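Residue numbers (our numbering): 1 to 98. Backbone N, C-alpha and C define an ideal beta-carbon position, used for all residues, glycine too. Note that this is a predicted model, so its numbers are computed, not measured. Please read the structure below before turning to the comments.
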Amino acid sequence: MNHNGILLGKRHFLYSSERVVEVEGWTFTIAPGFKVIAGGSANPLQTLISIYRGSEKVAQLVLSHKRHDSDLAVQAVSSDVLLEMSPATRTVSVAEKQ
């Protein structure tokens, strides 16, 4: 499956189960079995990023946009998911804990 953009009303969503996903300048490396749904926020200064394993949401992040930069914050993450973030390189890695 390739990157899919879904437009629902005024909101645009990105749905992907690819291993590498680009969201607003951030690169997400996703382990097999996970998928990413991004977008859909009513606030144009924020992008919501949800990570699923099957039908279960295992992480929720929010990307806040500023004039020349953006900040990524973790709102929730499952205890059996390893989430590594590097703001300097704008990368996020998602995998199952071993």
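According to DSSP, simplified to helix, strand and coil, what is His65? By one-based count along the sequence shown, residue 65 stands at place 65. Of the three classes helix, strand and coil, the one that applies to His65 here is strand, per DSSP.
Rounded to whole angstroms, how far is the Cβ of Val74 from the Cβ of Thr47, which I believe are closer than 8 Å? The residue labelled residue 74 in the question sits at position 74 within the sequence shown. The residue labelled residue 47 in the question sits at position 47 within the sequence shown. Not confirmed; about 14 Å, so no contact.
Identified DSSP bridge partners for Arg53: As a working mapping, residue 53 is identified with position 53 in the sequence shown. Paired residues: Phe34 and Glu56.
Does the Cβ of Thr89 have 16 or more other Cβ atoms within 10 Å, making it buried, or fewer, making it exposed? Along the sequence shown, one-based indexing puts residue 89 at 89. Looking at its Cβ environment, which holds fewer than 16 other Cβ atoms inside 10 Å, Thr89 is exposed.
Cut-off 6 Å between Cβ atoms - residues of its own chain near Lys97, not counting five sequence neighbours on either side: Along the sequence shown, read from residue 1 onward, the residue named residue 97 stands at position 97. Contacts found: Asp80 and Leu82.
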